[in-house]
Amino acid sequence: MIISMRPHASKEEIEHVCERIREFGYKVHSIQGEERVVIGAVGVGDVTPCLESLEATPGVESAVRISAPYKFVSREFKKERTVIPVNGVEVGGSEFAIMAGPCSVEGEKQIMETAQAVAAAGARILRGGAFKPRTSPYDFQGLELEGLKLLARARQATGLAIVTEVMSEQDVEVVAEHADIMQVGARNMQNFMLLKALGKCSRPILLKRGMSSTIMELLMSAEYITAHGNPNIMLCERGIRTFEPAMRNTCDIAAVPLLNELTHLPVILDPSHATGKRSLVPALARAAVAVGADGLLMEVHPCPEKAFSDGAQSLTLDQFRALTRDLRPYLELWKAARLALATPV
Ligand code: PEP
Ligand code: MN
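Next comes the structure, spelled out in structure tokens:
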């Protein structure tokens with residue numbers, strides 16, 4: 000349910016509404032909108048008696064049912080887009096967020112060189128895996144704590160914010176100590192214990208879509224995180240498995256505008272994992288801008304042929320510079336469209 004309070008509802012009236020919701024056995028989650036308080040309530044069972052009672056409660060303007068099974072992340076619950084501040088970048092706001100860096104942190108020279116180059120080319124957020132989910136147990140598993148320390152050093156040297164993957168519940172604390180954004184990988188999208196632990200974490204989350212997950216499942220995973228206390232979630236489309244073997248994954252580009260209809264959360268596109276092929280990354284990056292994504296997550300490596308992981312889809316530093324340069328006119332249009340969205344007609 001969403002309960003919209005009248006614009007000048009008193010604190011007592013708001014508190015009374017919250018109490019009534021709890022009396023009916025539902026959980027309260029309240030947010031302050033632009034000019035009025037909107038209260039969200041969730042729980043099981045038929046909400047009709049509660050809705051009817053609330054409609055007759057002082058200070059309430061309207062009480063409506065949220066039809067989607069995901070509640071707090073739905074557009075029905077919150078019309079305004081969620082803007083997530085990360086080290087001076089407002090993801091979901093009026094700046095397109097470019098996140099770039101290697102698949103894996105491999106050593107000091109590699110991460111520093113990449114960080115300097117992507118920062119100079121216009122990225123605001125540095126990516127790099129310290130804990131790596133690999134198909135084979137014999138492949139490079141990541142530098143773990145050492146990788147996190149290197150990322151923190153790269154942040155200090157460049158001012159870039161850090162996004163890095165957290166693979167397990169036990170690592171949430173140590174990753175949160177070093178990262179600005181906690182990445183949940185495709186393989187962990189439905190690791191519900193991890194999602195619950197991230198709900199209690201104060202860092203923003205980048206939640207990647209599972210390779211065989213539906214949009215509904217992605218939104219339900221985001222709902223887990225927010226229901227456990229953390230509303231700062233970016234969703235990431237990174238391609239899904241289909242019958243098509245010509246690319247590593249099939250990019251579900253329409254997922255971006257669809258998510259923009261269904262949720263208020265920022266949506267990021269990862270064209271690197273979506274294709275597995277570096278030659279396709281620039282075109283897909285332009286597509287992401289055109290369909291209204293809030294940012295890009297891209298793999299970049301100083302020498303892709305020597306990369307410990309995902310070399311084939313990693314751009315060289317020169318290719319990344321060319322990509323951001325070629326993206327500029329598209330970003331101008333994106334910005335104009337975003338400002339028009341923010342200005343009511
Ligand atoms: C990654 O970002 O390097 C990664 C492992 O991505 P995904 O979880 O989307 O496969
Ligand atoms: Mn990768």
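All the letters of the sequence shown, read from the start, carry residue numbers 0 to 344 under numbering that gives the first Met the number 0. Beta carbons: idealized from backbone N, C-alpha and C, even for Gly. Just so we're clear, the structure is a prediction, and the values are computed from it rather than from any experiment.
Secondary structure at Cys-235: strand, using DSSP grouped into helix, strand and coil.
Closest in C-alpha terms to Pro-84, from the list Glu-176, Ala-96, Glu-11 and Ile-65, comes Ala-96.
With the rule of 3 Cβ pairs closer than 8 Å, the region 100-112 counts as touching the region 129-149.
Lys-70 carries a coil assignment under DSSP once its states are collapsed to helix, strand and coil. With a 10 Å radius around the Cβ and a threshold of 16 neighbouring Cβ atoms, Leu-322 comes out buried. Where Lys-207 is concerned, the enclosing beta strand (DSSP E) starts and stops at 204-207. Here Leu-330 is actually not in contact with Val-266; their C-beta atoms are around 16 Å apart, not less than 8 Å. If only uninterrupted beta strand (DSSP E) runs of at least 3 residues are considered, those enclosed by the region 47-135 are 59-63, 83-85, 88-90, 96-100 and 124-126. By the Cβ criterion, the region 31-50 is not in contact with the region 189-198, since fewer than three pairs of Cβ atoms, one from each stretch, lie closer than 8 Å.
Counted as a single uninterrupted DSSP element, the stretch harbouring Val-165 is not any beta strand (DSSP E), since DSSP gives it neither H nor E.
Residue environment: Arg-327 is assigned as exposed (fewer than 16 neighbouring CB atoms within 10 Å of its CB, all protein chains considered). Within its own chain, the residues whose Cβ lies closer than 6 Å to the Cβ of Glu-164, once the five positions on either side in sequence are excluded, are Gly-128, Phe-130, Gln-182 and Gly-184, listed in chain order. Going by beta carbons, Leu-234 and Leu-217 fall inside the 8 Å limit. The alpha-carbon of Ala-118 is positioned some 11 Å away from that of Arg-126.
In the same chain as Asn-86, and ignoring 5 residues on each side of it, the C-beta atoms closer than 7 Å to its own belong to Ala-160 and Asp-179, in chain order. Distances from the CB of Cys-302 to the heavy atoms of the ligand MN are all 7 Å or more.
When secondary structure is reduced to three states using DSSP, Thr-342 falls in the coil class, being assigned neither helix nor strand.
Set against 7 Å, the gap from the CB of Ala-120 to the closest heavy atom of the ligand PEP is not smaller. With a 10 Å radius around the Cβ and a threshold of 16 neighbouring Cβ atoms, Ala-122 comes out buried. Shown here, Met-192 sits in a helix according to DSSP, grouped into three states. Residue state for Gln-182 is assigned as strand, using DSSP reduced to three classes. Collapsing the DSSP output to three states places Ala-336 in a helix. In terms of Cβ geometry, Ile-224 and Ile-232 form a close pair [threshold 8 Å]. Restricting attention to Ser-211, Val-46, Ala-273 and Ala-8, the CA atom closest to the CA of Glu-22 is found in Val-46.
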